Structure formats: C-alpha cells, structure tokens
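A.B. asks: Next up is a structure, given as structure tokens.
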C-alpha cells in the first residue's frame, strides 16, 4: 500500500501538466492534475512519516490512515472524491494482512458506491464512472475464480480493473457534452486510471504500462491546453472540515445545494464525539463565498477553511513535482 501511493504520487506529479491541460469539467480551471497530485501526496506522506499508523500489518488500517490524511488535505473535486474512495476502500480490508481478488473486488465496489453518494449531483462521464467500471470488471473476474485467493487470481482482477477503467476513460468523451465538444477525455478519469495502474504495479511487482494512455484524445504532449481557451469560471471553491450531527450534516448539504454546485460531503473518521457529532469534509462551488461560509458557521465551527477562485488554478510547488521522479 505504501508502494502504491508512492508510485501514484510520482505518476501524478509527472502527469499533472497534461491532466491540467484537459481539465474542463465541471469547471475549466485546469487544476485536476495538481489537485490529485497534492491529495495523493498527503496520503503517501502520512504513511512515509509513520504517524498514527497501526502497529500490526493490517491492509485496511494502513489505507484508512492514508485516506483520513488525504481527506483532511483534499484539493478540489477530484482530490476529495479520491479521498472518499480511499477511505471507503479501506473498510472491507480491515483485519486482513494481504490483498486477494475477492477483497479487491469488495474494496473497489465499496469505494465507488461511497464516491457516487458523496457528491450531491453525480454525473457519468467522470472519475466516478471510471471507479465504477474498475469495480465491475474486478468483480466479474473474481466471480469466475471460485474463491481462489492466490496472487495469480489477484493479478487477473487487477488487470481487469485497469482494462475496465481504460474503457471507461475512453467513453467519457461521449458522455459529457463539454468533453465531446472539446474532443478530450475526462481529466479526473485519466488520473484515476493512472492510480489504478499504480496499484496493479505495486501489488504485482510489475512496471507501469507506459503505453496505457497512448491515443487518449487531448492527452498527447503536443496537444494544447484545452482549458486555456475556455471562458473563465466565475465563483469560488469553498472547502472546510466541521463537526456536525447527522441532521445538521443533511441540512448543510441541502442548503449548499440550493446556493452552489459540486457539493461533496464525506465523513472523516468513523466515530462520533461526546456530543454525537461526526467530522465532515465539505466542498462546494459557489458564486460568492460569504453566504456559503455563513451557512456553514450557522451549523458549527469549521476548521481548515479554504477559499479559492475557480478561474485561478492552484499550482503546487514546482520543485515538489519535478523531484517526484521521471517515469514518463
């Protein structure tokens, strides 16, 4: 799991520019690659640092630690959804010391369901579709293995997950009008495909598939930055962490849905505090931040509030990306 997230950090660092170049949905702010990179980096570094990690070798516990760290520092739609994916994938793996085909299928399925449900208005043709396709492909292979828990069976399921994800990425271009018009595939979907290929590589001890992204529309290094020709998106992205009761969490989601778009709410951690409140990570796009912040503060005391203009992409420290490695 450490190798997986380390590989994913490196791969996304290498690919962030091209992912940003084709990022036009839900807003053409050219930052999907940056957001995914920074979010995966938070997950990877939480494991590298060893802080808060369980003493036992428990795949689920390790991934849960990484997922919680990612969720606390998640960036943008893509980073938040991947964090939700990681936290949910950890749940079926708790108590297990190794990954099997059956556990992989269960983890991918739990993760894609949770990611779909975290977003108030989910649509196909995004990284959600890629997550779902990978889960379905892995489950189909596992069903034919008759409970085989060998590494060979696991490899077949991982191969199928990546192949399913690739097919779903290609299909995104025909699922969203904005992508069809621009003749590109979805940036978040490509990022998720890279992450899944890194999982396959780390678990099976094989190289990344260098040709995996060849031919994807808009992804050639000679292709222009599509998002640069799109009109600037007005508004801001508001993110925070807040402790809320289940009722107040539902109220917050409803009220943010009324004033904004791309509302994502996901629980951080699994338990309630002494007051019966749960910790939530909140994400929303709104025309103006003040009403959103006021709604949030009316229900609790938020922390880690960030407000970013959608028209201005958030770039990571250039040296951090450039020193991540050169796999491609």
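In full-length UniProt numbering, the protein residues as written are 1 to 328. Ideal Cβ positions, reconstructed from N, Cα and C, are used throughout, including at glycine. Note that the structure is predicted; figures quoted are calculated from it, not measured.
1. Note down the Cα distance separating residue 320 from residue 9, rounded to an integer number of angstroms.
2. Between the Cα of residue 83 and those of 71, 107, 183, spot the shortest distance and give me the residue it belongs to.
3. Rank 174, 161, 181, 105 by C-alpha distance to the C-alpha of residue 148 and give the top, closest one.
4. Excluding the 5 residues preceding and the 5 following residue 42 in the sequence, name in chain order all residues of the same chain whose CB lies nearer than 6 Å to its CB.
5. Out of curiosity, what's the CA-to-CA distance linking residue 131 and residue 81?
6. Using 8 Å as the Cβ pair cut-off and three pairs as the minimum, do the segment 279-299 and the segment 198-218 touch?
7. Taking just the CA atoms, how far does residue 133 sit from residue 159?
8. Please tell me whether residue 247 and residue 212 are closer than 8 Å, where the distance is taken between their beta carbons.
9. Any idea if residue 268 is buried or exposed, counting beta-carbon neighbours within 10 angstroms, 16 or more meaning buried?
10. Which class does residue 140 belong to by DSSP, given the choice of helix, strand or coil?
11. Among residues of its own chain, excluding the 5 on either side of residue 200, which ones have a beta-carbon nearer than 6 Å to its beta-carbon?
12. Specify, as a first and last residue, the run of the beta strand (DSSP E) that residue 100 falls within.
13. Please report the distance separating the alpha-carbon of residue 258 from that of residue 264.
14. So, at 6 Å on beta carbons, what are the nonlocal neighbours of residue 261 in its own chain, with the 5 sequence-adjacent residues on each side left out?
15. Identify the continuous beta strand (DSSP E) that holds residue 239 and give its terminal residues.
16. Measure the alpha-carbon distance for residue 125 versus residue 171 and round it to whole angstroms.
17. From what residue to what residue does the beta strand (DSSP E) around residue 309 run?
18. Find the nearest neighbour of residue 118 within the set 23, 153, 46, 280, judged by alpha-carbon distance.
19. Thinking residue 182 and residue 24 are a contact (beta carbons under 8 Å), I'd like their distance in whole angstroms, please.
20. Can the beta-carbon of residue 153 be found less than 8 Å from the beta-carbon of residue 145?
21. By the three-class DSSP mapping on this structure, what secondary structure does residue 268 have?
22. So the alpha helix (DSSP H) residue 278 belongs to, where does it begin and stop?
23. Tell me which residue opens and which closes the alpha helix (DSSP H) that residue 289 is part of.
24. Considering only the alpha carbon of each residue, which of 249, 35, 309, 254 lies closest to residue 302?
25. What whole-angstrom Cβ distance do residue 76 and residue 17 have, given they're in contact under 8 Å?
26. For residue 97 and residue 2, I'd like the C-alpha separation in whole angstroms.
27. If you draw a straight line from the alpha carbon of residue 308 to that of residue 14, how long is it in whole angstroms?
28. Give me, in chain order, the residues of the same chain whose beta-carbon lies closer than 7 Å to that of residue 95; leave out the 5 immediate sequence neighbours on both sides.
29. What do you reckon, are the CB atoms on residue 185 and residue 169 nearer than 8 Å?
C.D. replies: In this structure, then:
1. Annotation note: pLDDT 40 at residue 320 (below 50); position unreliable, coordinate value reported separately. Going by the C-alpha atoms only, they are around 10 Å apart.
2. Residue 71 is the option with its Cα nearest to residue 83.
3. When each option's Cα is compared against that of residue 148, the closest is 105.
4. Excluding residues up to 5 positions away in sequence, 69, 70, 73 lie with their Cβ nearer than 6 Å to the Cβ of residue 42 in the same chain.
5. The straight-line gap from Cα to Cα measures roughly 10 Å.
6. No, they do not touch.
7. The alpha-carbon atoms of residue 159 and residue 133 are separated by roughly 13 Å.
8. It is not a contact, given that the beta carbons lie outside the stated cut-off.
9. Buried, because 16 or more other Cβ atoms sit within 10 Å of the Cβ of residue 268.
10. If DSSP states are grouped into helix, strand and coil, residue 140 belongs with the helices.
11. Only 158, 162 meet the Cβ criterion.
12. For residue 100, no beta strand (DSSP E) encloses it, and the DSSP letter there is neither H nor E.
13. Answer to the nearest angstrom: the Cα atoms are 13 Å apart.
14. Apart from the 5 residues on each side of it in sequence, residue 261 sits with its Cβ closer than 6 Å to the Cβ of 285 in its chain, given in chain order.
15. Secondary structure note for residue 239: its beta strand (DSSP E) is the uninterrupted segment 236-244.
16. Going by the C-alpha atoms only, they are around 7 Å apart.
17. For residue 309, the enclosing beta strand (DSSP E) starts and ends at 303-309.
18. Selected option, being the one with the closest Cα: 280.
19. Contact between residue 182 and residue 24 is confirmed by a C-beta separation of about 6 Å, below the 8 Å threshold.
20. Going by C-beta atoms, residue 153 is nearer than 8 Å to residue 145.
21. Reduced to three states, the DSSP call for residue 268 is strand.
22. Not the alpha helix (DSSP H): residue 278 falls in the beta strand (DSSP E), residues 278-286.
23. In the DSSP annotation of this structure, the continuous segment of the alpha helix (DSSP H) that includes residue 289 starts and ends at 289-299.
24. Of the candidates 249, 35, 309, 254, the one whose C-alpha sits nearest the C-alpha of residue 302 is 249.
25. Contact flag wrong, Cβ pair sits at about 16 Å.
26. Residue 97 and residue 2 have their C-alpha atoms roughly 14 Å apart.
27. Inter-residue distance for residue 308 and residue 14 is about 24 Å (C-alpha atoms, whole angstroms).
28. Excluding positions up to five away in sequence, the list reads 58, 60.
29. Going by C-beta atoms, residue 185 is nearer than 8 Å to residue 169.
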